[in-house]
Amino acid sequence: MAATSVIVSGATGFIAQHVVLQLVTKGYKVVGTVRSTEKGEDLKKKLKSDNFTYEIVKDIGAKGAFDETLKAHPEVTVFLHTASPHHFDITDPETELLFPAVEGTKNALSAIATYGPQITKLVVTSSYVAMAHYDVDTIASNIYNEDSWNDITWEKSKGNALDGYWGSKTFAEKAAWDFVKEKKPNFTLSTVNPGYVFGPQAFASDATGTLNLSAETVSSTLKLKPDDEVSSQALAFVDVRDVADAHLVAFENKDAEGQRLLLYSERYSGQDLLDIINENFSKYVKGRIPTGIPGSGAEKIKTLATIDNSKTRKIIGHDFITLKKSVIDSVQQILDTNGSI
12 MAATSVIVSG ATGFIAQHVV LQLVTKGYKV VGTVRSTEKG EDLKKKLKSD NFTYEIVKDI
72 GAKGAFDETL KAHPEVTVFL HTASPHHFDI TDPETELLFP AVEGTKNALS AIATYGPQIT
132 KLVVTSSYVA MAHYDVDTIA SNIYNEDSWN DITWEKSKGN ALDGYWGSKT FAEKAAWDFV
192 KEKKPNFTLS TVNPGYVFGP QAFASDATGT LNLSAETVSS TLKLKPDDEV SSQALAFVDV
252 RDVADAHLVA FENKDAEGQR LLLYSERYSG QDLLDIINEN FSKYVKGRIP TGIPGSGAEK
312 IKTLATIDNS KTRKIIGHDF ITLKKSVIDS VQQILDTNGS I
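Per my numbering, the sequence shown starts with residue 12, numbered consecutively.
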């Protein structure tokens, strides 16, 4: 029996590289879409696998962006759409975040409907921010789950980069569910809605310099000076390896069909990151990074909403990686790769 072939859009992203690596390791054939030959060749070199090929999609928001990829690969039966803008250094949220995210998702849907009748599974990488606005997340009495939606408006999303990102994930995911509801296509849809994602890089060689956004979380903590203020922000954490695994569960497990998988391991604060690093890597960081007020992170977490992802945990079928393990693995990778912290 021939191996199942899977398209992964945005294959060089932080999460996507883990997805591709897990797919290839399990014997799937993978077609990744990348923005340049250079990026595609770099990923191919890291994977060292004949089961990975790539196609160039320079702009996911351009009309027909995925058409040629679908035409070229009639063997593909699963489409994992991970590509979406994820940056805050912008001047216009609507043109740089909202439109690319929504149009990119619509382009994937259109390409599958027109040129991919053999595709039976579509998985869209969304986010927990599509489930609740940060105004909701910071009220302790609130509870949200897999059925919750961020009620942010398009107009509010245009206001700043943060709202633009939250809106981009919300409206892109809604576009996918609306398409399935209205068109009733041959494929089933599942979405993966992770919290704040970090953890080690898929390839150790990438654990150098400045990383992308959430992937930089642990690294940036290591760069703090002893007198720097500890971040008071508290977020919902999930390890990148669990996020990648959930993409596979989303199309392998029939129970995941038509579901939104809310990926969340535990809450954390900046103090919690410092506590883990100072406790486990004191030889390298003592006197170099802040200590803050050890153990005080739990107080901040008490002020936040409750996240109920019990339905997702049942579908996933195993415990999520803990914050402690994720941070230790990330720091150890940085240490092993760079020879120092």
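Note that the Cβ used here is the ideal one computed from N, Cα and C, for glycine as well. It should be emphasised that the depicted structure is a prediction, and the values quoted were computed from it without experimental measurement.
Does DSSP classify residue i as helix, strand or coil?
i: residue 230; result: helix
i: residue 272; result: strand
i: residue 21; result: coil
i: residue 40; result: strand
i: residue 91; result: strand
i: residue 361; result: The displayed coordinates of the chain run from 12 to 352. Any statement about residue 361 would go beyond what the structure contains.
i: residue 333; result: coil
i: residue 253; result: helix
i: residue 68; result: coil
i: residue 62; result: coil
i: residue 324; result: helix
i: residue 53; result: helix
i: residue 26; result: helix
i: residue 348; result: helix
i: residue 163; result: coil
i: residue 339; result: helix
i: residue 288; result: helix
i: residue 266; result: helix
i: residue 14; result: coil
Report the CB separation of residue i from residue j in whole angstroms; it is logged as a contact under 8 Å.
i: residue 179; j: residue 96; result: 7 Å
i: residue 304; j: residue 338; result: Their Cβ separation, rounded to whole angstroms, is 18 Å, which puts residue 304 and residue 338 out of contact at 8 Å.
i: residue 246; j: residue 175; result: The pair is not a contact, with the Cβ atoms about 18 Å apart (cut-off 8 Å).
i: residue 258; j: residue 203; result: 6 Å
i: residue 215; j: residue 61; result: That belief does not hold up - the Cβ atoms of residue 215 and residue 61 are roughly 22 Å apart, past 8 Å.
i: residue 320; j: residue 156; result: 7 Å
i: residue 43; j: residue 63; result: 7 Å
i: residue 151; j: residue 309; result: Not really, about 13 Å apart at Cβ, beyond 8 Å.
For a quick check, are the C-beta atoms of residue i and residue j less than 9 Å apart?
i: residue 68; j: residue 54; result: no
i: residue 161; j: residue 142; result: yes
i: residue 327; j: residue 253; result: yes
i: residue 187; j: residue 133; result: yes
i: residue 104; j: residue 70; result: no
i: residue 369; j: residue 147; result: Residue 369 is absent from the structure shown; the chain starts at 12 and stops at 352.
i: residue 65; j: residue 51; result: yes
i: residue 73; j: residue 38; result: no
i: residue 177; j: residue 163; result: yes
i: residue 139; j: residue 318; result: yes
i: residue 115; j: residue 83; result: no
i: residue 241; j: residue 281; result: yes
i: residue 355; j: residue 206; result: Because the chain is modelled from 12 through 352, residue 355 falls outside the range shown and cannot be assessed.
i: residue 4; j: residue 18; result: Because the chain spans 12 through 352 in this model, residue 4 falls outside it and cannot be assessed.
i: residue 340; j: residue 300; result: no
i: residue 256; j: residue 334; result: no
i: residue 322; j: residue 270; result: yes
i: residue 227; j: residue 248; result: no
Over what stretch of residues does the alpha helix (DSSP H) that includes residue i continue unbroken?
i: residue 46; result: Looking at the DSSP string, residue 46 is not in any alpha helix (DSSP H), and its letter there is neither H nor E.
i: residue 293; result: 293-296
What residue range is occupied by the uninterrupted beta strand (DSSP E) comprising residue i?
i: residue 79; result: No beta strand (DSSP E) holds residue 79; the alpha helix (DSSP H) holding it covers 78-83.
i: residue 278; result: 277-280
i: residue 317; result: 317-319
i: residue 154; result: 154-156
- At 4 residues or longer, and completely inside the segment 167-246: list those alpha helix (DSSP H) runs for me, N to C. 172-194 and 228-233
- Task: For the segment 106-152, list the alpha helix (DSSP H) runs that are entirely contained and at least 4 residues long, ordered along the chain.
- Result: 110-126 and 145-148
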